[in-house]
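In the numbering used here, the protein residues as written are 103 to 292. We put the CB at the ideal spot given by N, CA and C, even for glycine. Below is one structure, written out as C-alpha cells; comments come after it.
Shown next, in the form of C-alpha cells:
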C-alpha cells in the first residue's frame, strides 16, 4: 500500500534485482521503474548499489551505471574483489549490504516509506530498525522463481511484499522484435 503524499526512497541491490528479473525471464527498464514509484508517492531518492570490476577493460554493467547516474539515480559503487577459491575457480566478491543499510538508516528520518529491491535475508535487522523509527518498508523480490529469490524471514518482516513478476508489465523492458532477414528477390528467368 502506497500513499500519494508519503515521502519515498528506493534502495536497489543491483545484483540481487538483476538475478531476480533474470530468473523471471525479463529485463528491467529503470526509467519505467523510477516513473512508477514517482507515481506512487513523493520519490526523494532512488539509490542503486553495485560492485564494479575495476581491472576489466570493459565491464558489461558500466553502460547501465552511467545511464542510471545521468537519469536520476544515486549510484553507490565500490570495487569488486577478485580471488581464486581453494578449487582454483575465479570468484568475484562485491557485497553492498552495509552501504545500503547505512544509507537507509541515515535517510530514515526524512522519509515515510522505503522500498528495498532485494530478497537478501541479511536485510531483516535493517527492516526491523527502520520500522522502529516509524518508517514503512516494502520489499520487491520474487517467490515465483525456482528457488524463490526472497528469504522467508524478510518477506514476513516487511510491511508490504511486492512480487516482482507482477511489476513485469509496468517496469519490464519490452522484448525486442527479432530482426527479419532481408527477403531475397528472385528474378524470373525469361
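- In the DSSP annotation of this structure, the continuous segment of the alpha helix (DSSP H) that includes residue 226 starts and ends at 226–234.
- Linking residue 239 to residue 189 through their CA atoms gives a straight-line distance of about 40 Å.
- Counting the other CB atoms within 10 Å of its CB gives residue 103 a total below 16, which places it among the exposed residues.
- For residue 175, the secondary structure class from DSSP, reduced to helix, strand or coil, is coil.
- Taking the Cβ atoms as the reference, residue 119 lies roughly 12 Å from residue 247, outside the contact range of under 8 Å.
- The C-beta separation of residue 139 from residue 146 comes to about 11 Å, leaving the pair out of contact by the 8 Å criterion.
- The count of Cβ pairs closer than 8 Å, one atom from the segment 174–191 and one from the segment 212–228, stays below three, leaving the stretches out of contact.
- In the displayed model, residue 273 falls within a helix according to three-state DSSP.
- Looking from the CA of residue 135, the closest CA among 219, 209 and 257 belongs to 219.
- Distance between residue 108 and residue 156, taken at the CA atoms: about 38 Å.
- For residue 243, the enclosing beta strand (DSSP E) stretches over residues 238–243.
- Excluding sequence positions up to five before and after residue 272, its CB lies within less than 6 Å of the CB of 138, all in the same chain and listed in chain order.
- Here residue 253 is near residue 223, since their CB atoms are less than 9 Å apart.
- With fewer than 16 other beta carbons inside 10 angstroms of its own, residue 194 counts as exposed.
- 9 Å or more divides the Cβ of residue 242 from the Cβ of residue 111.
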